[in-house]
Structures are given as structure tokens and as C-alpha cells.
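Heads up: the sequence shown at position 224 corresponds to 1179 in our numbering, and the numbers run straight through without jumps.
To start, the structure itself, in C-alpha cells.
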Amino acid sequence: MKILSKSFMSESSLAVVLSIVIMINLFGGIVGGTWLLLAGGLRLIIIALCLAIFMPWVYSLASIPNVGLGYLAVKTYERSKDWAIPLLVLAALYEKFILTYWVMWVFGYFVDYVGRFNAIPLVLAAHSVVMSPLSYMAKSEPEDSPGTSLALFYAQFVFLFLVIVNALKIPFEIYIVLLGIVYLFFAIYPAIMICTSEVENAEQNRLSDGPKGDFPCGKCGALVSENAKYCKNCGKDLNLT
């Protein structure tokens, strides 16, 4: 059962986003990797490749609780939509926590090498390591999956946010607050989409269905049900033709 009636992005838009991400990862990784290789960073390149290759398997294991929460949310949604929303938010919070930890850990690992290597190839390599496995996993998801586009956009946003924070030397307290706001927004946004979708579906059904079975009384013009035997307004016997 599909919980969302409409996707976050159209199939064509998602294809464009994935193409851009893949191109940036490809050329950014090549430039950063070549730069590091010429600077004597072969060991760091090998580590980067290993991280990118094994990340999907580790991510799948870490996401097992999230799969359980998602399944429970779908089953709960069939009975009570109100109780399903908190479960969906909890599942989104857990997923975004994994993504946040992944982005921050990789970024921090490469930034630690600043001083031994130039910051530019380190940032390019870190971005490639972060996004390449996510883009790879996104290709196996349904094309109209809103979670795919949200996860990619969130990871890109967090990485760019970390670059800006480190470049501008923003205080740690402000950094945590800003990251927390972004984290909560991307976790709650799917639930907002669901609520909005439900309201829109209910309104569309109301407008398209209309008052089924009602017709005007031939004597007084009042609306009566198709199963009514007489008009409650004027008392006309509706069984007479």
C-alpha cells in the first residue's frame, strides 16, 4: 500500500537530480583522487574506496530497525492514521540520524588530514565518498520514491552545511542548533506531506463523488435520498410513478 498519493519529485526531476549527483561525484572524485595521488595520498584513496564500497552493506544492517518501524507504520496506517504519523516521524528521525552520522564521520575523517594535504581535494574526495554509495542505492529504489530524493538532498545539504561551517568557523553551539533544525525539518517533512495528501484526497473525493443518490422531489424540489419512500418536506409518495 502506498501511503503517499504523490511523490516529492516527478520521475523526470528525480532522474535529473540523480544525474547531477552522479556527475559531481564522478568528476569530483576523479579530481580529488588524482590530486591526492599526486600529493602522496595513495593510502587515503584506498581507504576512501573501501568506505564507498562497503557503506551500502553497513547501511543496510543499520537500517534494519528503520525497516521494522516503516512496516509497523504501514500496518498501523491501515487502522489509525493518527497513530501512524508518529511512527513515520520516528522512522524518518532514525534514517536521518544514520545519514547525518555518515556524512559527519566521513567529513571529519578527511578534514583531519588538512595540513598534510590541501583542503580542496580532501573535500572533493569526502563528498564523493559520502554521495557515491547513496547514489548507487538510490538507483535500486522505485523512480517515484520520495524517500530517495529526500535522502540524497538531505545528505548533500548536510555536507554543504559542514563545509560552510568549517570555512566560516561558526561556533559549535550555533552549528548544533542549525543542524538540529535541518535534521528535524527533513524528519517531519514526510509526515507533513502525508497529512497534506490526505486532506487533498478527501477534498477531491468529496468534490468528485458529490451527494450520491440524492435527487429533487418532483413536487417541492427538496433533495431526497434514492432509497426514500416519501419526501420528508412535502410528504409526496415517491413510490408512485
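Here a beta-carbon is modelled for each residue, glycine too, at the ideal position from N, C-alpha and C.
Cβ neighbour criterion (16 or more within 10 Å) applied to residue i
i                  : result
phenylalanine 1062 : buried
isoleucine 1008    : exposed
tyrosine 1056      : exposed
lysine 1030        : exposed
tyrosine 1026      : exposed
threonine 1196     : For threonine 1196, the predicted model reports a pLDDT of 46, less than 50, meaning its position is unreliable and no value from the coordinates is stated.
leucine 997        : exposed
valine 1113        : buried
lysine 1051        : buried
valine 1069        : exposed
phenylalanine 1127 : exposed
proline 1088       : buried
leucine 993        : exposed
valine 1154        : Caution applies to valine 1154, whose pLDDT of 47 falls short of 50 and renders its modelled position unreliable; the value that the coordinates give is listed next. Exposed, because fewer than 16 other Cβ atoms sit within 10 Å of the Cβ of valine 1154.
isoleucine 1040    : buried
phenylalanine 982  : exposed
valine 1022        : exposed
aspartate 1067     : exposed
phenylalanine 1065 : buried
leucine 1117       : buried
glutamate 1158     : No answer about glutamate 1158 holds up, because its pLDDT of 47 lies below 50 and its placement is not dependable.
Range covered by the alpha helix (DSSP H) that runs through residue i
i            : result
proline 1088 : 1074–1094
serine 1015  : 997–1017
Proximity below 7 Å, CB of residue i to CB of residue j
i               : j             : result
alanine 1046    : leucine 1016  : no
glycine 984     : serine 1090   : no
alanine 1093    : leucine 1105  : no
valine 1085     : valine 1058   : yes
tyrosine 1109   : leucine 1054  : yes
alanine 1142    : leucine 1048  : yes
alanine 1080    : glycine 987   : yes
isoleucine 1001 : leucine 991   : no
alanine 1028    : leucine 1042  : yes
valine 1120     : tyrosine 1130 : yes
In DSSP terms, what residue i is bridged to
i           : result
valine 1069 : Phe1072
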